[in-house]
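Asks: For reference, the structure I am asking about is given below.
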Amino acid sequence: MKAVNHAPFQRWRLYRMSVIARLDDVPDARRAMRCAASDCGQYPLNERQLPLGLPPCKSMLSFEVRMPQQRAAQLLVALERALAPVPIVLLRLEVMGDHAEAAHTGRFRRGPGRVAGAAALPAVAAPAAERQQAEPVAG
């Protein structure tokens with residue numbers, strides 16, 4: 007008998023992980039975040055550090071990672087374990103979405119273009135005649 011995979015479809019999404027920590031604990035928090043991402047087989051993108059408060063007494067560290075939905079929970083657990091010895095104020099996981107989902111929902115339309123970025127144009131950029139043909143008028 008053939009094995010069938012009944013697992014849900016793996017959607018790749020862009021996630022942003024953010025940690026707020028005291029200024030003294032920023033190097034330890036950064037090291038823990040990188041280790042947790044490495045343990046899950048992910049490579050952090052767009053690492054940022056934002057000072058908070060006047061004078062800066064806390065800092066927000068964040069990075070983005072692209073992965074399937076199921077791996078996001080694993081990354082969150084790995085971050086929780088890695089950040090256990092570091093006193094943090096907040097740990098947050100944001101779903102940023104992705105371009106493929108936006109195209110699937112109809113917010114973008116495919117247009118002529120040689121460059122990959124020019125191939126997807128916002129739907130509001132479509133001429134009015136094309137929008138009227140695409141959207142049926144109730145009446």
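Each residue of the sequence shown is one higher than the one before, starting from 7 at the first, in the working numbering. All residues carry an ideal CB built from backbone N, CA and C; glycine is no exception. Predicted, not measured: the structure shown is a model, and the values here were computed from it.
Is Thr111 helix, strand or coil by DSSP?
Replies: Bear in mind that a pLDDT of 49 at Thr111, under 50, signals an unreliable position, so the number given afterwards is only what the model happens to contain. Of the three classes helix, strand and coil, the one that applies to Thr111 here is coil, per DSSP.
Asks: Using a Cβ-Cβ cutoff of less than 8 Å, which residues in the same chain neighbour Met102 once the five nearest sequence positions on both sides are dropped?
Replies: Non-local beta-carbon contacts of Met102 in its own chain, meaning distances under 8 Å to residues more than five positions away in sequence, involve Arg19, Leu20, Tyr21, Arg22 and Glu70 in chain order.
Asks: Taking Met2 as the reference, which of Arg54, Glu100, Asp34 and Ala27 has the closest Cα?
Replies: Since the first residue shown for the chain is 7 and the last is 145, residue 2 is missing from the structure and cannot be characterised.
Asks: For Ala27, which of helix, strand or coil comes out of DSSP?
Replies: strand
Asks: Tell me where the alpha helix (DSSP H) around Val92 begins and ends.
Replies: Neither: Val92 is in no alpha helix (DSSP H) and is coded neither H nor E.
Asks: Alpha carbon to alpha carbon, how far is Arg120 from Val95?
Replies: Note that Arg120 scores 48 on pLDDT, short of 50, meaning its location in the model is unreliable; the coordinates nonetheless yield the value given after this. Looking at the two C-alpha atoms, the distance is approximately 47 Å.
Asks: Pick out the complete alpha helix (DSSP H) segments inside the stretch 39-65, 4 residues or longer, and give them in chain order.
Replies: none
Asks: Is the CB-CB distance between Ala42 and Pro50 below 7 Å?
Replies: no
Asks: With DSSP as the reference, label Arg72 as helix, strand or coil.
Replies: strand
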